[in-house]
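Asker: Numbering (the UniProt record's numbering), first residue to last: 1 to 178. Heads up, the beta-carbon is just placed ideally off N, CA and C, and yes, glycines get one too.
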């Protein structure tokens, strides 16, 4: 009941000051009522009227506030903390309706486009790097195969040379024994 009265005061004055806890509890109640007002049908009007009780406030909600919020997808209220209340030091906040016309920010749209472009460029760069790495791997494999063949030939040549040296040594030792 208290939240409904606070919502009625919010719709009537467009801004109220309350404690932070009450403000956080009020926000979903008020936003549900605004969403119902945006529908604009008789059932929604009766539902809101059963909670608020004042026809003039309901009329204002369904005509001026709902029309102002028509393009806005949500986030109809704003809570701003204003510091502690003198006396009991309770944290206070201002709850207000966001009545500025809704339009997607150009900066946000531009940032999204830039992010998309940079992601596409990164994908192209990654693909190019992958191709370079693949070519380098192929070249390395080719070089490695050539190196393996050369090493095999060198080993074979070394073995042949050592066999010749061994044969020469054996020949010399047989000649010395004669």
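Rounded to the nearest angstrom, what separates residue 133 and residue 116 at their Cα positions?
Answerer: Taking the straight line from one Cα to the other gives about 25 Å.
Asker: Does the beta-carbon distance from residue 24 to residue 94 come in below 8 Å?
Answerer: In this structure, residue 94 does not lie closer than 8 Å to residue 24 by Cβ.
Asker: Around the C-beta of residue 178, are 16 or more other C-beta atoms found within 10 angstroms, so that it is buried, or is it exposed?
Answerer: A caution first: residue 178 carries a pLDDT of 49, below 50, which makes its placement in the model too unreliable to give a value.
Asker: In terms of residue numbering, what span does the alpha helix (DSSP H) encompassing residue 22 cover?
Answerer: Here the alpha helix (DSSP H) through residue 22 covers 20-39.
Asker: DSSP beta-bridge partners for residue 15?
Answerer: The partner list for residue 15 (beta bridge, DSSP) reads 96.
Asker: Within 10 Å of its beta-carbon, does residue 57 have 16 or more other beta-carbons around it, so buried, or fewer, so exposed?
Answerer: Classification for residue 57: buried.
Asker: Is it true that the CB of residue 77 sits closer than 8 Å to the CB of residue 61?
Answerer: No, Cβ-Cβ distance for residue 61 and residue 77 is not below 8 Å.
Asker: Note down the Cα distance separating residue 46 from residue 54, rounded to an integer number of angstroms.
Answerer: So the alpha carbons of these two residues sit roughly 11 Å apart.
Asker: Going straight from the alpha carbon of residue 7 to that of residue 38, what length do you get?
Answerer: Approximately 16 Å between the Cα atoms of the pair.
Asker: Rounding to the nearest angstrom, what Cα-Cα distance links residue 127 and residue 44 in this structure?
Answerer: Their backbone Cα atoms lie some 55 Å apart in a straight line.
Asker: How many Å lie between residue 42 and residue 100 at the Cα?
Answerer: Roughly 27 Å separates the two Cα atoms.
Asker: So what's residue 78 in DSSP terms, helix, strand or just coil?
Answerer: If DSSP states are grouped into helix, strand and coil, residue 78 belongs with the strands.
Asker: In whole angstroms, what separates the C-alpha of residue 113 from that of residue 124?
Answerer: Rounded to whole angstroms, residue 113 to residue 124 spans 17 Å at the Cα level.
Asker: How long is the line joining the alpha carbons of residue 69 and residue 85, rounded to whole angstroms?
Answerer: Residue 69 and residue 85: Cα-Cα distance of roughly 31 Å.
Asker: So which of 40, 74, 17 has the shortest CA-CA distance to residue 31?
Answerer: The option with the nearest alpha carbon to residue 31 is 74.
Asker: Return the first residue and the last residue of the alpha helix (DSSP H) that residue 61 is part of.
Answerer: Where residue 61 is concerned, there is no enclosing alpha helix (DSSP H), given that its DSSP letter is neither H nor E.
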